[in-house]
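Take a look at the structure set out below.
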Amino acid sequence: MTDQLDAPVRTADPGFVLHFRDNREPAIDAGMYRVHAEQTLPGVDTGDYLTPVEETFEVRAPQFALADDQVHAVNPAPGTHADHSKTLAHLTLANPLLPWMRRLDEPGVREAAPAEPWLALLVFAEGELPADPRSDALTVTRTAEELLTAEGVRHPRIAPSQIEGDPTAPCRTVDIPGDVFATVVPRTEELRHLLHVRDVTTDTGLRGEQLAEGAYAVVVSSRLPDRAVQARYAAHLVALEGCRSILADADAGRLTHDVTVRLAALRSWSFTSDPAPGGGFAGRVRHFLFDATGAERDLLLRLPEPPAGDGSDEARATALARLASGRVPLPHRLETGEDTYAWYRGPLTAEPAQKLPDTPEPGWTSAAQLMVYERAWGLFDAGWGAAWTLGRALALADADFAATLSAWHAKARARAAALAQRLAAPGLGAPASARDTAAFHARALGPRPFGSLLEELAADGTAARLLRAATH
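Here the sequence shown stands for residues 2 to 473, numbered as in the numbering used here.
Written as C-alpha cells, this is what we have:
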C-alpha cells in the first residue's frame, strides 16, 4: 500500500484528521480457493498414514449487487438541481477494501500486480443511453446468469465457478453503446488514479475523547458536466470484473456504435447541472442579496415597520430604532412573577453591537444580572441576559464539561461544609476568650443547629469568605 500523503491533512473542522492513501489491497482477492496440503518424510514409507488434505474456502465480496449500507455517500446528491459544472461526481464506500477485492482479468489470464480496481463511476448525459434518453438512471433487472451468457452484446467474462452466491439472483444492468463507452470509461491505466482511501480519525487534542476511526474508499468519475448547457446526468457505479478485453478495445478505439456493452450497475442516481448564473450556490446567494438591477435588497433582521398609532413621536421613534436594530418585543416574566414586555435580540445583529458591561469580580451568576431596565419606558432589554443563557446552555450541552463542572461544585460544597464544621467547634476559628461556650452549647441543642450556624456565618460575612477560599 502506497501513501499518497504521509502527513495527516487537517480539514476545516478541527475535530477530524484525514489520511489519504492510494489504495488498500486485500491480502487475498474475493473468489473460490482450494488449499491442498501433504506431508512426506524422506526415507520413510508412511503408506497411507499421512494422507493429503484438501479444503475449499470462499472469500466473499459484493459482485453484481451492492447493499445500501455499503454506500456511505454520493455527490452530487440524487435529484439535485444546481451548478455542478465544476464537480466530479464521486461515491464513498463504507468498505475501503472493496474496489480492490476483484480483478479485471478474465478466466485463464492473470495480470501481475499492482492490480487495477474493478469499479468505475461512469456519468452519462441525456441522449447517450438508448434505454435511458432522459438520464433518469434507469436500469434493467436481470439475473447474473443472464448477464454473463447474453448473446449479441459484450459482457463480463467470469467463470461460472467464480460467481458468488446464487447465479439466478437479480442484479441491475445498463446497456451502453460501444462508442459512448469508449468515450466515457477511463483508460485502463487511469482506473487506479480515480480511487483513493480516506482514513478518518478523531482529533484527541480537543477534550481527550476516544478515537472514532473510520476508513472509506472513494470512487471518482472522470467526467465534468457541461459548463455552458443545462443538462441532466445519470451516474452508474459499474462492475468491471472480467472486462479486461472490453477495456483494451476501448483504449484502442475498436468499439463502435454497433457494439453494445452490458455491465452490472451496482449503484445509480441522477442529477441536473445548471451552469446558469442563478443555478449554483453562489448565484443563488447573489440573487438573494441583490435584485435584477443589481440593487442591494433590504434584508435587515427586523420586524416590518408598524403603522402609525396614537403614541407620541418620541415613543414611535424609539420603537422604530429598536426594530431597525433587529430587536423584537416579546412577553417577559420577571423572577418575581410579574408579566411585562422586553426587547429581545438574537446572536445576529443588524447594527454594531453595544459594548458589554464591565464584568464584576465574582462574574455573572444569573441572566437577571444582565437585564437592562429602561426607566423612561418601563421596559427591559433581555438581549444580554438571553446571550448569557444561551452560552450557559451551549456549555452544559458538552457532556465532558458538564460532568467536570458538577464534580467541581460537589467538591467545593463539601470543602465549604467541612470548613464550616471546623469553625463551629469550640476553641477553633477564634480565641477562647471571644467565644461564648454556653451560647454555643445552647445553639447545638436547638432544632436547627447547623442551619443556625450557617445563618450566623452568612450574617457576618464568614460564609462568603469560606466559599471564596473553597473555590480558589
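Cβ coordinates follow ideal geometry from the N, Cα and C atoms, glycine included.
Counting only residues of its own chain and dropping the five nearest sequence neighbours on each side, P118 has a CB closer than 7 Å to the CB of P100, W101, L192, R193, L196. Relative to H237, the option among V72, F17, R25 whose CA is nearest is V72.
L406 has its alpha-carbon roughly 28 Å from the corresponding atom of T202. Considering only D70, H37, L391, R346, the residue with the shortest C-alpha distance to T93 is D70. Here R376 is exposed, its C-beta having fewer than 16 other C-beta atoms within 10 Å. As for any beta strand (DSSP E) of minimum length 3 sitting wholly inside the segment 55-122, the runs are 72-76, 91-94, ordered along the chain. With distances taken between CA atoms, K356 lies nearest to G384 out of Q231, L380, G384, A368.
The DSSP-derived three-state label of A351 is coil. CA-CA distance, A132 to R346, rounds to 57 Å. Listed in chain order, the beta strand (DSSP E) elements of length 3 or more contained wholly in the segment 214-298 are 215-221, 232-240, 261-274. In the DSSP assignment, T52 falls outside any beta strand (DSSP E), carrying neither H nor E. With contacts defined as CB atoms closer than 8 Å, T142 and A170 fail to qualify as a contacting pair. Of L264, S86, V230, E129, the smallest CA-CA separation from T150 is found for L264.
Excluding the 5 residues flanking it on each side, P168 has same chain C-beta neighbours closer than 6 Å at A145, E146, in chain order.
For V185, the three-state secondary structure derived from DSSP is helix. Under DSSP, E375 forms a beta bridge with L380. Beta-bridge annotation (DSSP): A343 is paired with L331, F381. Beta-bridge annotation (DSSP): L395 is not paired with any residue. Distance check between V54 and each of G48, F402, V60, H37 places H37 closest, using alpha-carbon atoms only. Residue pairing of R143 in beta bridges, as defined by DSSP: C172.
Contact between D227 and S271 does not hold, since their C-beta atoms are separated by about 15 Å, which reaches or exceeds 8 Å. V329 has its alpha-carbon roughly 6 Å from the corresponding atom of W344.
Between the segment 357-364 and the segment 309-328, the count of C-beta pairs closer than 8 Å stays below three; the two stretches do not touch.
Taking 8 Å as the cut-off, the beta carbon of G243 is found no closer than this to the beta carbon of R135. Straight through space, the alpha carbons of Y50 and G44 are spaced by roughly 15 Å. Around the C-beta of T174, 16 or more other C-beta atoms lie within 10 Å, and the residue is accordingly described as buried.
When rounded, the separation of the alpha-carbon atoms in L256 and H156 is 13 Å. Within the same chain, P134, R135, S136, A232, R233 come within 7 Å of E127 by CB-CB distance, once the 5 residues on both sides are set aside.
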